[in-house]
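Notes follow once the structure below has been shown.
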Amino acid sequence: WVHEYGNLIYQIWKVKNKSARLSWHLDETYIEVKGEWRYLYRAIDKDGHTLDIQLRKKRDHQAAYAFMQKLVKHFGEPTVLTTDKASALLCARKQGFYQTTIHCTIKHLNNLIEQDHRHVKRRFTKSAGFHASYENGLNCQMLL
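Residue numbers (this note's numbering): 199 to 342.
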């Protein structure tokens, strides 16, 4: 049922989750998807609510740019953006997004999302990882 209804549930979730706070945390982590390693880009707001996620094969500035573009389209620009010092995120930011946003790269300020990755990784280690890779969509097992 996940393959059949996963994308539909994700689209409904995105509409209901449209109210975002003005302070965001962006990060990426490396997870295993069906025996292959992928990058999971995540954005959460100040309260820890997930704004959006995206699985990508590569961790480059195009992937980060696409993720940031998607966030701006759905939520607008935040007032404060907290990231680690990942070069892909910094490069994508320099290409035009979040120009009026205060950008924080202080390590301890991003602990909220770094600790939040533990739950994602722990859940999928127990269930033997993702069972499918969706580059443009979301496997909704993660949300359930």
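All residues carry an ideal CB built from backbone N, CA and C; glycine is no exception. Here the structure is a predicted model, which means the values were calculated and not measured.
Which residue or residues does DSSP assign as beta-bridge partners of residue i?
i	result
V278	S221 and I300
I242	H223 and T248
E230	W235
L253	L238
Is the distance from the Cβ of residue i to the Cβ of residue j below 8 Å?
i	j	result
V278	C302	yes
L249	V231	no
R240	I229	no
A286	A264	no
H272	I242	no
Whole angstroms are fine: how far does the CA of residue j sit from the CA of residue i?
i	j	result
L288	D225	11 Å
K244	T280	10 Å
G246	S221	10 Å
D258	G294	16 Å
I300	I210	30 Å
K292	I207	33 Å
G204	D282	30 Å
K256	W235	10 Å
Y296	K268	13 Å
C338	I304	Low confidence applies here, because C338 scores a pLDDT of 37, under 50, leaving its location unreliable and the question unanswered by this model.
Which residues mark the beginning and the end of the alpha helix (DSSP H) in which residue i is found?
i	result
R291	S285 to K292
K271	H259 to F273
Below 7 Å, is the gap between the Cβ of residue i and the nearest heavy atom of the ligand SAH?
i	result
R240	Looking at this structure, you won't find the ligand SAH or any other ligand, since it has none at all.
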